[in-house]
Structure formats: C-alpha cells, structure tokens
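In my numbering, the protein residues as written are 296 to 399.
Each residue gets a CB set at the ideal place from its N, CA and C atoms; glycine is no exception.
All remarks here apply to the structure that follows.
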C-alpha cells in the first residue's frame, strides 16, 4: 500500500509535530504550559514526546474509531499526546485533559 507520502515527508511531519508539542510543554524557558515529571521534576523531553506520539498513532490505528483519528498534527493530536505523557510516562497529573478517558 502506498499512501503517496514519502518517508522523508513523514519524517518531516513527525519532527514538526514533536517541535510543536515541545513548544507547548517542553524543555525551554518560554513554553506555554511547562510539564514536569512527577517523580524527577524534569521537564518533558523530546524523546518522551516522540514515544508518546508513537503510542498515540498506534492507538489510532488499533482502535479504528471514526472520532479518534490523526488530525495531521493539530491541537487535538497535541492534547492527546499530552494526556499519554501524563497517563503513561508519569508527567504532571494536573495537566491531564481527559481526552483519553473514554478508552479505558
């Protein structure tokens, strides 16, 4: 199956999305909503953002739900990745927006 998107384009999309999520929660002084790990106190890393993005895309593909789709890296995708970071990676639980609560 060929989606018509090259591996280079997909890689660029992943990098752009990771940067987008990092701009909101990540490890710099000018992020909008700094998100720290509950045990270590360290700010969310790009590595964890990439891992949570993979988890999210895997969920989208596994659930195959018309209301739970990849939005090409939009704000809902960012919020769902944030919630995965909270629920599965131990980041600040007060940041959980509940976007994944219906899955459990």
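Run the CB neighbour count on residue i, radius 10 Å, all protein chains shown included, and call it buried at 16 or more, exposed below.
| i | result |
| --- | --- |
| residue 349 | exposed |
| residue 328 | exposed |
| residue 380 | buried |
| residue 297 | Caution applies to residue 297, whose pLDDT of 47 falls short of 50 and renders its modelled position unreliable; the value that the coordinates give is listed next. Classification of residue 297: exposed, given that the 10 Å Cβ count is below 16. |
| residue 358 | exposed |
| residue 312 | buried |
| residue 398 | exposed |
| residue 318 | exposed |
With residue i as the anchor, note down where its alpha helix (DSSP H) starts and where it stops.
| i | result |
| --- | --- |
| residue 307 | 302–320 |
| residue 338 | From DSSP, residue 338 is part of no alpha helix (DSSP H); its letter is neither H nor E. |
| residue 383 | 370–384 |
How close, in whole Å, do the beta carbons of residue i and residue j come, if the pair is a contact with beta carbons under 8 Å?
| i | j | result |
| --- | --- | --- |
| residue 377 | residue 320 | 6 Å |
| residue 308 | residue 366 | Between residue 366 and residue 308 the Cβ distance is about 12 Å, and since that is not below 8 Å, they are no contact. |
| residue 340 | residue 322 | 6 Å |
Report yes or no: do the segment 379–386 and the segment 324–343 share at least 3 C-beta pairs separated by less than 8 Å? By the Cβ criterion, the segment 379–386 is in contact with the segment 324–343, since at least three pairs of Cβ atoms, one from each stretch, lie closer than 8 Å.
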